[in-house]
Amino acid sequence: MNGFAKSHLGWLLLAAALLAVPVFVKSGRWIEFIELTLFVAVLGQGWNILGGYGGQYSFGHALFFGTGAYIQALLQFKYGVSPWIAMWFAVSGGVLVGLFVGYLSFRYGLRGSYFALITLAFAEAFHVVARSFISITEGGRGVQLALNRDPDQAIALFQFTFADPFLKSYGYYYVILALLMIAYGATWWMERSRFGAQLVALRENEDAAEALGINTFRTKMAAICMSAAITSSSGIYYVQKFLFVDPAIAYGPTKSVEALFAPIIGGLGTVLGPLVGSVFIHGLSEVTREAIDAVWGARPGVDLILFGIILVLVLGFAPKGLVGLAEAAWRRVARGGKAQR
Amino acid sequence: MILEVRSMSKTFGGLKAVSRASLSVGEGEIVSLIGPNGAGKTTLFAMISGFLKADEGSVAFAGVNVTGWRPHKVCRLGLVRTFQVVQPFPNLSVAQNIAVGAHTRLRSRAGALEKAGEVAHAVGMGDRLDMPAGSLTVAGRKRLELARALATEPRLLLLDEVMAGLNATEIDEIIGVIRDIRQSGVTILLIEHVMRAVMNLSDRTYVINNGVMIAEGTPNEVTQKPEVIEAYLGHGASERLEAMGAGGGHA
Amino acid sequence: MDILGLQIPLYSWETVLGSAISGVFLGSIYALVALGLTLIYGVLHIINFAHGALLMLAMYAVFFVWHFWGIDPYAAMLIVVPGAFAFGYALQRYVIGKTSHGRDEIILLVTLGIAIVIENAALFFFSADERSVQVPYDLDGIDLGVTFAVYPELFALGGSLAVTLGLWLFMTRTDTGRAIRGVAKERQGARLVGINVDHVFAITFGLGTALVAVAASLLAPTYTVHPQTGYLFVLIAFTVVVLGGMGSFVGALAGGFIIGITEQLGRLYLGESLGLITISAIFIMILLFRPTGLFGHKT
Ligand SMILES: Nc1ncnc2c1ncn2[C@@H]1O[C@H](COP(=O)(O)OP(=O)(O)OP(=O)(O)O)[C@@H](O)[C@H]1O
Ligand SMILES: [Mg+2]
Chain U
71 MNGFAKSHLG
81 WLLLAAALLA
91 VPVFVKSGRW
101 IEFIELTLFV
111 AVLGQGWNIL
121 GGYGGQYSFG
131 HALFFGTGAY
141 IQALLQFKYG
151 VSPWIAMWFA
161 VSGGVLVGLF
171 VGYLSFRYGL
181 RGSYFALITL
191 AFAEAFHVVA
201 RSFISITEGG
211 RGVQLALNRD
221 PDQAIALFQF
231 TFADPFLKSY
241 GYYYVILALL
251 MIAYGATWWM
261 ERSRFGAQLV
271 ALRENEDAAE
281 ALGINTFRTK
291 MAAICMSAAI
301 TSSSGIYYVQ
311 KFLFVDPAIA
321 YGPTKSVEAL
331 FAPIIGGLGT
341 VLGPLVGSVF
351 IHGLSEVTRE
361 AIDAVWGARP
371 GVDLILFGII
381 LVLVLGFAPK
391 GLVGLAEAAW
401 RRVARGGKAQ
411 R
Chain B
5 MILEVRSMSK
15 TFGGLKAVSR
25 ASLSVGEGEI
35 VSLIGPNGAG
45 KTTLFAMISG
55 FLKADEGSVA
65 FAGVNVTGWR
75 PHKVCRLGLV
85 RTFQVVQPFP
95 NLSVAQNIAV
105 GAHTRLRSRA
115 GALEKAGEVA
125 HAVGMGDRLD
135 MPAGSLTVAG
145 RKRLELARAL
155 ATEPRLLLLD
165 EVMAGLNATE
175 IDEIIGVIRD
185 IRQSGVTILL
195 IEHVMRAVMN
205 LSDRTYVINN
215 GVMIAEGTPN
225 EVTQKPEVIE
235 AYLGHGASER
245 LEAMGAGGGH
255 A
Chain Y
302 MDILGLQIPL
312 YSWETVLGSA
322 ISGVFLGSIY
332 ALVALGLTLI
342 YGVLHIINFA
352 HGALLMLAMY
362 AVFFVWHFWG
372 IDPYAAMLIV
382 VPGAFAFGYA
392 LQRYVIGKTS
402 HGRDEIILLV
412 TLGIAIVIEN
422 AALFFFSADE
432 RSVQVPYDLD
442 GIDLGVTFAV
452 YPELFALGGS
462 LAVTLGLWLF
472 MTRTDTGRAI
482 RGVAKERQGA
492 RLVGINVDHV
502 FAITFGLGTA
512 LVAVAASLLA
522 PTYTVHPQTG
532 YLFVLIAFTV
542 VVLGGMGSFV
552 GALAGGFIIG
562 ITEQLGRLYL
572 GESLGLITIS
582 AIFIMILLFR
592 PTGLFGHKT
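Chains as they are written, first to last, in the working numbering: chain U, 71 to 411; chain B, 5 to 255; chain Y, 302 to 600.
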């Protein structure tokens, strides 16, 4: 093994395990479950770049998801653009929205809860626009893409419902996995770069960062662009998978809330936090749903009640989330081991 | 002159915190700025380093007019300040804190961390590299403030009361550190209430009171001046001291 | 006129005036909801994201009090308002105060968490059905010429004026009110002279929640309630509070009217859907260009 492989063994094993999921998981329902978990993990990593590393808490990350999804859908629906080309526009569009919102907010020095509020307001404004400009966005009824039934076109049209058996079962899984690996690779790189160090510094203390030569405005702009790129990329997967988007899905509060749940519960400002959080949330959601179904019959709401409570508890008592708790436990075990010797 | 401050003013509400203050610092000097509490020292530093917009006046640093520049640009040109109320990055380790400063000149993470280690040793924090900055003592935080600024490789260092809250031994250590920094070619302008340090370190001293520069000279000269004594001890103080036959020099 | 496929119609002044007047009535509802929010902000300096959810909860309370015991929604205040006060007090004292570490963005997230819990608890227990209180007088009213005002609207308008006045008197004339203002101005100082700051904070939060219950009673005859009702109000209430200046009662009242009128005119000219963009637009503009609001002063 060379030096790189040795020092990054854990990461390589994780990547290998994710790539090999189809070897172990055959049930369609489980693949769907894992896909959804990874989707939220990507959505949340976008939030984590800006919120976890940069300390700028957005309440409107649906802005980026929704813009990515709408561009991906509309370019195909209205102009017959290939999905493989549309996706670059989807991400660029998300980044442009990030530049726009970021420029206004950061130029006028909005911080803390004011930044949260303005992102919320922008998401709401985009929601209204998507609903109202019917000639451009199809309005409230949403954009429905045609289902491709030709197996030979599966790759070209980026639709795997009628593809060969392997693609049909695992095609979308590899799509979201690819997005996840790019997003997490980029975050991993960022954490070890000057940009990452400067972003964390301004989160910790903006005045000190500025005094030490950090252009805090530019650093925040770079962070919101990276954040927007990652979150909007999750919109590509969403549209190709469900072939549908409407204003409420795109810009409603649900995606904004999902995007912040995963990293906060998993561990703010850590590479794996959003993934850990997403696994936890979806696992718990699955378990409670089964339990509730058994006791009361199907009823909505219980999983979100639990998440809300967990969010409050994590904020209050475990500010570094599950990753932080695990690290603390690990350190205690390691110290215990040493003490015995 | 590496720093030329010309006739700067700042008003907060109705209060003239600094009015038409000028000072200059020559390459390689240690200059101190003293004055009673609320005299406007920190405000002047904030204007020089770009944190506060001055109502009037100008700052030239290394021959460049930097009036109105953002702090990060001023820092990159080689002028860095520390904060009187220390501003650590609390959740980062000492090494990571200092590396943030080092990144101003170094792109690579490894390089910045290595440099952080060197600077930490130079200011006597080499044994605390992995400690979270939030858990340092007051003396430790003051040192960290100094180390981070130093890691940006400044030509001019503005130190705002880095000795406040330290005990006698700690003050002696810091005085040694500041001497070493000057030795390495960095010019220093410092605000200090600890007179022992002012007398010991400074080549020249400026005295500010109620926002106005009232004296300039060697530390011994300025502490003899009646207007300086009055500024510190109140109106009529210098006559009283004279009447009592005290020299008044060593406050 | 035709902009981007949107028809911008031209109306007679009667239609516009009628719309503006109904905006005043709508605005009085917004003001009522915003008063509690601005009180909490003014004292605790926290933005309470759960405000809308608390309103929704209070509306359900009013509904059930009417539904099971047949008590008129205005009379229901006597039961719901004290209950809301106690609930708000406990929420601040035992949940928000204990978990937020005094950082404003954490408080916002904590109150978001609370909002999610309340909303989904409502969904779980009350289902997503819309409920509404039926009163015998909800269609009677006064003909104003250009528009017709029903009694519940008039009561809401009167209520918003009365509550603003009452709140102002309470804060300036009573010992509790003065203590609250003292804590708002000088937290540390208040602590030093032995005031139990946590208690005063919780009382303020309780009062803010009680105001929400007053609003819930006043709007029960004209609004239906379902678990998402709160979210619809929360952004509007933020806008009103930010516009009026955070912490200002008169500002909340004026802000409510401005937003109500703007929304109605927006709907008239831009349509039911796009008309709502006026609210987000005002919110964004104020945050960017005048974060102290119209009646707030710089801190
Ligand atoms: N941001 C501000 N807003 C309003 N007034 C201010 C502000 N900053 C400083 N002041 C006032 O300006 C005056 C000068 O303050 P400054 O901090 O510059 O004094 P100083 O000489 O550094 O005092 P010290 O020795 O206590 O640090 C003081 O009266 C202070 O209260
Ligand atoms: Mg000072």
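Beta carbons: idealized from backbone N, C-alpha and C, even for Gly.
query                                                                                                                             : result
C-beta neighbour in chain B for U:D234, strict 7 Å                                                                                : no
B:A43 CB to nearest heavy atom of ligand 1 below 6 Å                                                                              : yes
Straight-line gap, U:Q142 to U:V349 (C-alpha atoms, nearest Å)                                                                    : 27 Å
Min CB distance Y:D373 to chain U below 7 Å                                                                                       : no
Closer than 7 Å to chain U by CB, B:R113                                                                                          : yes
Helix, strand or coil at B:Y210 [DSSP, three-state]                                                                               : strand
Selection from Y:V325, Y:G328, Y:L345 and Y:L318 that minimises the alpha carbon distance to Y:L508                               : Y:L345
Local conformation of B:K20 per DSSP, three classes                                                                               : strand
Residue-level contact to chain Y via CB, U:A186, 7 Å cutoff                                                                       : yes
Run of the beta strand (DSSP E) containing B:F65, from where it starts to where it stops                                          : E60 to F65
CB-CB length for U:Y240 against U:P92, believed under 8 Å                                                                         : 5 Å
Length of the line joining the Cα atoms of U:I294 and U:S152                                                                      : 28 Å
Chain-order list of residues whose beta-carbon lies under 6 Å from that of U:Q229 (same chain, five-residue window excluded)      : N218
Within the region 161–215 of chain B, ranges of the beta strand (DSSP E) (whole runs, at least 3 residues)                        : 191–195 and 208–213
Beta carbon of Y:P522 nearer than 7 Å to that of Y:P453                                                                           : yes
The region 320–328 of chain Y touching the region 463–471 of chain Y, judged by at least three CB pairs closer than 8 Å           : no
DSSP-derived helix/strand/coil call for Y:N421                                                                                    : helix
Cβ contact (3+ pairs, closer than 8 Å) linking the region 10–21 of chain B and the region 45–63 of chain B                        : yes
Listed by chain order, chain U residues near B:T156 by CB distance under 7 Å                                                      : L282 and G283
Beta-carbon proximity of U:F192 to U:F287, cut-off 7 Å                                                                            : no
Contact set between Y:G572 and chain U, taken where Cβ atoms lie within less than 8 Å                                             : S202
Reduced DSSP secondary structure (H/G/I, E/B, other) of U:N285                                                                    : coil
Proximal residues of chain Y, C-beta to C-beta of U:F192 below 9 Å                                                                : S581 and I585
Cβ neighbour criterion (16 or more within 10 Å) applied to U:Q146                                                                 : buried
Y:V526: first and last residue of the uninterrupted alpha helix (DSSP H) it sits in                                               : Looking at the DSSP string, Y:V526 is not in any alpha helix (DSSP H), and its letter there is neither H nor E.
Contacts around B:G130, its chain only, beta-carbon distance under 6 Å, and the 5 residues preceding and following it disregarded : A124
Closest Cα partner of B:G54 within the set B:G39, B:V29, B:G42 and B:V84                                                          : B:V84
Residue environment, B:N41, which counts as buried when at least 16 other CB atoms sit within 10 Å                                : exposed
Listed by chain order, chain U residues near B:T108 by CB distance under 9 Å                                                      : L282, G283 and I284
Chain Y within 7 Å of U:P370, Cβ atoms only                                                                                       : yes
Entirely enclosed alpha helix (DSSP H) segments - the region 172–238 of chain U, minimum 4 residues                               : 182–202 and 204–207
Within chain Y, the residues that U:G336 reaches when beta carbons sit closer than 9 Å                                            : Ordered by position in chain Y, no residue passes the 9 Å Cβ test against U:G336, which lies about 14 Å from the chain.
U:T231 versus U:G406: straight-line alpha-carbon distance, rounded                                                                : 53 Å
Distance cut-off 6 Å: B:Q91 Cβ against heavy atoms of ligand 2                                                                    : no
Host alpha helix (DSSP H) of B:S85 (start-end)                                                                                    : The question names Ser, but residue 85 of chain B in the sequence shown is Arg. First-last for B:R85: L83 to R85, but that is the beta strand (DSSP E), not the alpha helix (DSSP H).
Chain B contacts made by the region 89–119 of chain U, where a contact means CB separation under 8 Å                              : none
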